[in-house]
Amino acid sequence: LVPFETVSEAQFQQSFALNVTAVFFLTQGLLPHLAAGASVINISSYFANKMIPKRPSSLYSLSKGALNSLTKSLAFELGPRGIRVNAIAPGTVDTAMRRKTVDNLPAEAKAELKAYVERSYPLGRIGRPDDLAGIAVYLASDEAAWTSGGVFSVDGGYTAG
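Read in order, the letters of the sequence shown are residues 217 to 377 in the working numbering.
What follows is the structure, given as structure tokens:
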């Protein structure tokens, strides 16, 4: 995450290339292979809807907000073909990348982060990868045949407050 005033054009373009452009053209490229009943599931972020104090996220939040807009637009455009488009917006998830970042923090910062998570997430913890699996399976299934255009928060209640 980079403070707004220091974002370079290259960083801006890289963020959009990864979070918007790649999704746009991948979905477009797959379109000839998607039949009625297909499900497109984008991975967004809670950063598109709620900011975290002391975490400059204007660029990342902007790109994930654009992805949410793309998700809704494609749900509208592809719906007549029977193709559903949704997004999952996870909160902080315990991944190898996150652990590497946290492991590099000073002990005091780690303790502060742990306390912040415990008081900020109504469920008292960050997510695990398997916390996202259920909604992904649901959105991909026939059970979600009438679910399209949604951006589903899976964040331990973080964006509820």
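Note that CB positions come from ideal geometry on N, CA and C, so glycine has one too. Model, not experiment: these values are computed from the prediction.
By DSSP's assignment, Asn320 forms no beta bridge with any residue.
Inclusion of Tyr374 and Tyr262 in the CB contact set at 7 angstroms is warranted, their separation being smaller than that value. Residue environment analysis places Ala312 among the exposed positions, since fewer than 16 neighbouring C-beta atoms fall within 10 angstroms of its C-beta. The Cβ neighbour count for Leu286, taken over all protein chains shown within 10 Å, is at least 16; the residue is labelled buried. Take Ala352, set aside five residues on each side of it, and the residues of its chain with a beta-carbon closer than 8 angstroms to its own are Ile257 and Ile304, in chain order. When Cβ pairs closer than 8 angstroms are counted between the two stretches, the stretch 287-296 is seen not to touch the stretch 327-339, the count staying below three.
Burial of Ala282 is indicated by the presence of at least 16 other C-beta atoms within 10 angstroms of its C-beta. Annotation note: the stretch 244-296 contains the following uninterrupted beta strand (DSSP E) runs of length 3 or greater, listed N- to C-terminal: 255-259.
Linking Pro272 to Ala226 through their CA atoms gives a straight-line distance of about 17 angstroms.
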